[in-house]
Each structure stands twice: as structure tokens, then as C-alpha cells.
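There are 2 protein chains.
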Amino acid sequence: MKKLINKPEDFTKESLQGMILAHSDIIKINYEPTFIYRADAPQEGKVGIISGGGSGHEPLHVGFVGRGMLDAACPGEVFTSPTPDQMLAAAKKIDSSAGILYIVKNYSGDVMNFEMAVEFAHLEGINIQSIIIDDDVAVKDSLYTQGRRGVGTTVLAEKICGAAAEKGYSLQQLKELCKKVNQNGRSMGIALTSCTVPAKGTPTFILGDNEVELGIGIHGEPGRERVTIKSGDEITEILANAIIYDTPYQRPLREWDQAQGKWQDVELLNKPWQKGDRLLAYVNSMGGTPISELYLIYRKLAEICHREGLEIVRNLIGPYMTSLEMQGCSITLLKLDEEMLRLWDEPVKTASLRWGV
Amino acid sequence: MKKLINKPEDFTKESLQGMILAHSDIIKINYEPTFIYRADAPQEGKVGIISGGGSGHEPLHVGFVGRGMLDAACPGEVFTSPTPDQMLAAAKKIDSSAGILYIVKNYSGDVMNFEMAVEFAHLEGINIQSIIIDDDVAVKDSLYTQGRRGVGTTVLAEKICGAAAEKGYSLQQLKELCKKVNQNGRSMGIALTSCTVPAKGTPTFILGDNEVELGIGIHGEPGRERVTIKSGDEITEILANAIIYDTPYQRPLREWDQAQGKWQDVELLNKPWQKGDRLLAYVNSMGGTPISELYLIYRKLAEICHREGLEIVRNLIGPYMTSLEMQGCSITLLKLDEEMLRLWDEPVKTASLRWGV
Chain D
1 MKKLINKPED
11 FTKESLQGMI
21 LAHSDIIKIN
31 YEPTFIYRAD
41 APQEGKVGII
51 SGGGSGHEPL
61 HVGFVGRGML
71 DAACPGEVFT
81 SPTPDQMLAA
91 AKKIDSSAGI
101 LYIVKNYSGD
111 VMNFEMAVEF
121 AHLEGINIQS
131 IIIDDDVAVK
141 DSLYTQGRRG
151 VGTTVLAEKI
161 CGAAAEKGYS
171 LQQLKELCKK
181 VNQNGRSMGI
191 ALTSCTVPAK
201 GTPTFILGDN
211 EVELGIGIHG
221 EPGRERVTIK
231 SGDEITEILA
241 NAIIYDTPYQ
251 RPLREWDQAQ
261 GKWQDVELLN
271 KPWQKGDRLL
281 AYVNSMGGTP
291 ISELYLIYRK
301 LAEICHREGL
311 EIVRNLIGPY
321 MTSLEMQGCS
331 ITLLKLDEEM
341 LRLWDEPVKT
351 ASLRWGV
Chain R
358 MKKLINKPED
368 FTKESLQGMI
378 LAHSDIIKIN
388 YEPTFIYRAD
398 APQEGKVGII
408 SGGGSGHEPL
418 HVGFVGRGML
428 DAACPGEVFT
438 SPTPDQMLAA
448 AKKIDSSAGI
458 LYIVKNYSGD
468 VMNFEMAVEF
478 AHLEGINIQS
488 IIIDDDVAVK
498 DSLYTQGRRG
508 VGTTVLAEKI
518 CGAAAEKGYS
528 LQQLKELCKK
538 VNQNGRSMGI
548 ALTSCTVPAK
558 GTPTFILGDN
568 EVELGIGIHG
578 EPGRERVTIK
588 SGDEITEILA
598 NAIIYDTPYQ
608 RPLREWDQAQ
618 GKWQDVELLN
628 KPWQKGDRLL
638 AYVNSMGGTP
648 ISELYLIYRK
658 LAEICHREGL
668 EIVRNLIGPY
678 MTSLEMQGCS
688 ITLLKLDEEM
698 LRLWDEPVKT
708 ASLRWGV
């Protein structure tokens, strides 16, 4: 295992400490339990937005805490869910009585722990609502997940809902908005190489010298199939077509029913994409792929969208949701309406996403 | 060779095309010869700033073209100098009679070709001055370089001089400023793995499973030594100490003497660092190292600087000057004065560095 780390068990903590030292004007850290929060929290009268999940996907989520995005992030150990006490403590820290939205990626451990945190929070009088992001079109169920996994759309939901919270949206409005973003966002990824969890010390999976895994999960979960490596253009065709021709209404979306005390499947807001739809195209590095290759993928993606009559009006290209040093990329397409587009353009100031300020 | 590319010979062109498609509000491209320029060029009355060099280091330099940074960038093929006709054509495109500053990384091919371009430009009545960046403390001479190589300080010089040009600095003032940035910036890098130039198809060099190369060049040139992999903290100590205790006046700095028609060594402006000096700390990924590891390096770097009485007042952390998919990092420390600090904070809007707008 060749990494720029010290003791494997200190990796997450020491990486976080570096982020806090580098961005002390934007974020602060709480230990025991660990969570990162806006240096200017709580924001009086504003709904708080919290996300979290296993570490190893940096800059997600810690790099997205700040004005116009998240109020707090709860990092677990590498590829391990954060605990309910982290989530509860973060909620208490940032709550300003306007309520809190949890944005949760659909992994069984994350969902279960956030669910417990919601229950604890309600007992303490904090009003929390959750939205689960489940945008990965690659597989229906997966190694750590019932239903679709939550991937790239999470970043976009955090940005868009973060802007809306800043604008004074109520908790109920934010919940509807986050649901809309999730239902209009779809993703799929590919791995060229595996990655190594520091505490384990050996690769999560093995790929042959000429093999790639299509539809990989961000923890190295199996995707749709292993194939011989193809050209960048061919890979982009496979990912883009899987996303564009996905049947989104097959995807159940769940929300917490407070009255009944359980998760409920809910009606879907989205429709299949049509010619003329406007998209945000997000090409993401899995961590070890340089951005020169991401732009080559974007080139083909733009050509495909044009061919399909879809208009890319915004883009995001870079390593925003990684799997340690894994080589590969993912594509996320989000169908935008006026509201989402306007909110995307609002100022944001976080460690890893910044414009307008 | 596992990469997200098509034909190796199309890699540079197709990656550039993706950047242009993604950032058409900021940059445009000219073919035959190839250069990228600000979409709003020429800027009347403003000195133009141009940089360039081999491709494979993205986002350098194309990702830094835009308001508050470069006016144009000339990308060569992977790890290959751009040609004088690229540089001359870029100069003609952006010249608004206020003159042009070339920022050149010290590699013999780059220097020679920029020198030729300067001669051609003078014949055409364009006033161009060059500054060579030679900030790599690792080795005195290298595979492709006489003197020290030009690395991370280039990014900082482009940002600081770009802001100054926007503020109306004259060509002579910009030249002095760029010289000052170079003389106060020092870098050193480490490689954990090699990288593969697409057209070659095999790794540039071979490192053993437990070996790392200290002082690596951005084209895989040999560094100071190969050693068994060490902890992140130990590696940071080695890099930081090499930088902090470097003897900067050993470094010759050259500038173009127009009257005599040749490069001249010039007097040095810098002094050894002292307690209380204020620094910009830049931790850079070589391309394949995830930012979680960069932050772990930053954590130790901040501790070392504190111990040495040096104050980090700004930082930049991420993949800004890469070597394809090479795993590893480099550290650059730039001693700031009030002028550099103020210019660093000015707004910038490029594909890869953006704040304030």
C-alpha cells in the first residue's frame, strides 16, 4: 500500500485536521463525536442542511460545508457510516429552530443511522426531515444498498438546496426541492483500477490489466459488468446512454413519515427526458484519474447530449466525490428547471466549491 | 496502459476540446497553431500575460486562462514544448499595444522556443518580456533543464501577475513583480508511482513496490534519491526542510536583455527566510493522489511552519500542476509581502481557479 499517510487508523482524523487548518475561515470541527460545521453557525432563522457518510470520498462532504451549501457534515471512518450520535450532535449545534434537512446517500448503514438520529432529534424537539439520494442507474440493489445507490447527484443537491436555504426556503420547501433534484439526477461510473482502504491495506477488488468495471459503486461495489477496456468515447457512450435512457419511474423514493414512524415510498415527480430539456453535466474523477481525461470524457458527453437534443447549460468537472485513489470517472446528468438553475448559480463559499464570493 | 482516452495521438487535442466546450464563456481556442485565449481578448490597454508548456500537467496552463490570470496559453503535445509559432500567434492575438509578459517554466526546450518567439515578436513590433520560473529546489540541473526546474511557483506567479495586469501594472512593473514571485517561491515534489505518456504507452520510469522518488520532476525526471516509502509526516518533513533551508541565492535568475540580444543572469531580490515571514503554502497533487492525502500533508506542513516561526496566511490545495496520473505531491512555499498578498486575494475567474466573481 503506497499512500501519503501515517498510521492507517489516523488517516481520516489527520486528513480532516488538515482541512480544518487550511479552511479555518470557513469550517470548524467538533470531536467526540466528530462533525464539521460552518464557522459562522448557527445561522439564525435559516434551515440547517447536514450531510455525511463514510470518509474516502473527499472533498465530499466536508469540503462542501460553508455559505450556500452545507451547515454541517458527519464523516465516518473510511467507507463506514457515521454514527447517530455524530448526526444528532451536529443537528444540535446548527439548529436555529427553523429545522434541519438531512441529505442522505442511499446506503443501508447511512440510512439506518440517519433514521435513528432523526428519532433522537425529534425526542429533543428538533424538527428534522430527510431526503435519500438514490441516483445511480447502474444496478437496482447493491452490496451495501437496497435500491439504487446514492452518488453524484448528492453534490448537486447539496449545492442547490444549500442556496435555497440561504434564500430563506422553509424546511418543507427544501424537502420538496431536494426530492426534485434527486428525481431529476442520474449517474453512472466506471473504474479502471481498484482502491485500497488504509485500515485493510489490500485492494478492495482486483481488476485485470485490461479490465474495467462498468457501473462501479463508490466503495468498489460490483457494477453491471466487467469488460475489456474500451476507448474513452465508447465508455462515455455506455455511461451516457445508460443515464439518458434510464426509466426513472422504476426508482422508488422514500421519505420519513413522522406520524407513522416509518419510511414510505412516495409519488414520483419526474418524467422521462425529452428533446429540449436542459441539463447540468457533471463529470467526476474517482480520485486517481487526472482532469485531462475528464475533459476528454466531457467532450464526447457534450456531443452525445447534442445528438439527443439535450442542452447542457451548466457543468461541473473535477474530483468532487472520490473513492480514495481509484482511477475512473462517473457521469451525472441533472435535468434542470428554472428554479434549480437559478439556485445553482447562487454564490457558494466552501473549501472545495466556490464562486460569486 | 489504462486511460480514459481514444487514439493516443488525439489525447491532447480532445482534452483541450472538452475544456473549450465546458468553459466557452471564459476561453476560446485557435487551431494551427494551437493556443487558448480569453474569450474577451484583447483587453484594451492591459498588458497580456501568456504561459505555456507541454501538456499532461492540466489544469496548468489552459485552466488558468481568464480574468485575473492568463490571457493565453500555448499547450504543446504531452511533455513536449510548444513551438515558437504557437507563442507568436498567441501574442499577436492578445496584444493591445501595452506589451506582453511570457511566464516560462525553466525547461531547455520551453526556454529556447519562447526565446525564438520573443525575437520574432520584436521583429513584428510587439514588446514582449519574459520571466523564467526556476523554483524547484530538488536538483541543480536535470534531464531536460539547465539550472533549476520550474514548477509550482508558476501557478502562483500566473495568479499574482494576472491580478496585477488587471490592475493596470505596466510591462516593466509586471516583470519586476514576476521576478519577485519567482525568487520568493520554492518547491519540491515526490512520486509514489510513475506515469505513462499516451504516445509511448509504457511508464516513464519504474519504481519498486516500496520505493518513492524524492525531488521528482513533473515529467518524471530523476530527483534527489529513491528511498523506501516513508510516512506522510516524514515525507512532509523532508520536502518542507529542503524548501525552508534552501539557499536561494545559489539560484541564478535570467532575463532577456533586449539591447544585447541574449539572456543575462541578474541580481537577486530575495533573502533567506526569517521567523515571522508570511507564506502561501501550496500542496499540489501530481494527478493520481486524492485530496484527502494532500490535506494530511498540509496538516504536517502547517505544524512544521509553525515550529519554524513561519506563518501560513494563504493556501492552495489540489491538483493544479499534474504529471498525468502520477501519484505523489509537491509542496510550494511562497514568501509573501503586502503586494503579493493583496494581489493573490483579487478576483479570478478561470476554468480551474475561481473566487470573488
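Chains D and R supply the protein sequences, listed in that same order. All letters in the first sequence, in the order written, are residues 1 to 357 by the numbering used here. All letters in the second sequence, in the order written, are residues 358 to 714 by the numbering used here. Ideal Cβ placement from N, Cα and C applies to all residues, glycine included.
> Interface residues of chain D around K360(R) at Cβ under 7 Å?
Replying inline: Listed along chain D, the residues sitting closer than 7 Å to K360(R) by beta-carbon distance are E293.
> With distances taken between CB atoms, is the gap from I291(D) to P439(R) smaller than 8 Å?
Replying inline: Not closer than 8 Å, so no.
>> Looking at the secondary structure, which residues open and close the beta strand (DSSP E) in which G410(R) lies?
In response: 405-412
>> Which residues in chain B have a C-beta closer than 9 Å to the C-beta of T322(D)? List them in chain order.
In response: Reference to chain B is not applicable here, since the protein chains of this structure are D and R.
> Under the rule that 16 or more other beta-carbon atoms within 10 Å means buried, what is Y388(R), buried or exposed?
Replying inline: In summary, Y388(R) is exposed, with fewer than 16 beta-carbon neighbours lying within 10 Å of its beta-carbon over all protein chains present.
> Using 8 Å as the threshold, is the stretch 215-224 of chain D in touch with the stretch 306-317 of chain D, meaning 3 or more CB pairs across them?
Replying inline: no
> Going by C-alpha distance, which of E158(D), V111(D), Q274(D) is nearest M340(D)?
Replying inline: E158(D)
> Is P272(D) buried or exposed, if buried means 16 or more other CB atoms sit within 10 Å of its CB?
Replying inline: exposed
>> With the cut-off set at 8 Å, would you say A281(D) and L296(D) are in Cβ contact?
In response: no
>> For a cutoff of 8 Å on Cβ pairs, would you count G413(R) as touching chain D?
In response: yes
>> Considering just the uninterrupted stretch of the beta strand (DSSP E) at K497(R), what are its terminal residues?
In response: Careful: K497(R) lies outside any beta strand (DSSP E) and carries neither H nor E.
>> One question on the structure: do V435(R) and P555(R) come within less than 8 Å of each other, judged by their Cβ atoms?
In response: yes
> So, is V151(D) buried or exposed, given that buried needs 16 or more other C-beta atoms within 10 angstroms?
Replying inline: Around the Cβ of V151(D), a 10 Å sphere holds 16 or more other Cβ atoms; the residue is buried.
> So, L294(D) versus G185(D), is the Cβ gap smaller than 8 Å?
Replying inline: No. Outside cutoff.
> At a Cβ cut of 8 Å, what residues of the stretch 576-595 of chain R count as close to chain D, listed as they run along the chain?
Replying inline: From the stretch 576-595 of chain R, only I586, S588, G589, D590, I592 have a Cβ closer than 8 Å to chain D.
> Which residue comes first and which comes last in the alpha helix (DSSP H) that contains K557(R)?
Replying inline: Segment: none, K557(R) is in no alpha helix (DSSP H) and carries neither H nor E.
> Can you tell me whether DSSP reads Q43(D) as helix, strand or coil?
Replying inline: coil
> Per DSSP, F392(R) is paired with what?
Replying inline: Per DSSP, the beta-bridge partners of F392(R) are N387(R).
> Taking contact to mean at least 3 C-beta pairs separated by less than 8 Å, is the stretch 449-460 of chain R in contact with the stretch 483-490 of chain R?
Replying inline: yes
> Any idea if A72(D) is buried or exposed, counting beta-carbon neighbours within 10 angstroms, 16 or more meaning buried?
Replying inline: buried
> M444(R) and N470(R) look like a contact to me (Cβ under 8 Å); what is the Cβ gap, rounded to whole Å?
Replying inline: 7 Å
> What does C305(D) touch in chain R if you count any residue whose Cβ is under 9 Å from its own?
Replying inline: The premise fails here: C305(D) is roughly 10 Å from chain R at the closest Cβ pair, so nothing lies under 9 Å.
> What are the start and end residues of the alpha helix (DSSP H) that includes T369(R)?
Replying inline: That run of the alpha helix (DSSP H) goes 368-379.
>> I'd like the ranges of any alpha helix (DSSP H) spanning at least 4 consecutive residues and lying wholly in the stretch 482-551 of chain R.
In response: 510-523, 528-541
>> I want to verify the contact list: residues of chain D whose CB lies under 8 Å from the CB of C686(R), in sequence order.
In response: Those are L4, listed as they occur along chain D.
>> Quick check on DSSP: helix, strand or coil for N113(D)?
In response: helix
> Relative to the C-alpha of R424(R), which residue among L528(R), M643(R), C518(R), E568(R) is closest?
Replying inline: The shortest C-alpha separation from R424(R) is found at C518(R).
> In chain R, which residues lie with their C-beta within 8 Å of the C-beta of I297(D)?
Replying inline: Those within 8 Å of I297(D) in chain R are L361, G375.
>> Per the DSSP calculation, P75(D) is bridged to which residue(s)?
In response: G53(D)
> Between I600(R) and chain D, is there a C-beta pair that is closer than 8 Å?
Replying inline: no
>> Looking at the secondary structure, which residues open and close the beta strand (DSSP E) in which R583(R) lies?
In response: 582-585
> What residue does the beta strand (DSSP E) around K706(R) start on, and which one ends it?
Replying inline: 705-707
> T550(R) touches chain D at which residues, Cβ-Cβ below 9 Å?
Replying inline: K2
> Among I407(R), R656(R), A398(R), which residue has its Cα nearest to the Cα of I674(R)?
Replying inline: Checking every option, the nearest Cα to that of I674(R) belongs to R656(R).
> Within 8 Å (strictly less), CB to CB, does G22(D) reach chain R?
Replying inline: The sequence shown places Ala at residue 22(D), rather than the Gly named in the question. True, the Cβ-Cβ gap to chain R drops below 8 Å.
> Under 8 Å Cβ-Cβ, which residues of chain R neighbour S15(D)?
Replying inline: S649, E650, Y652, L653, R656
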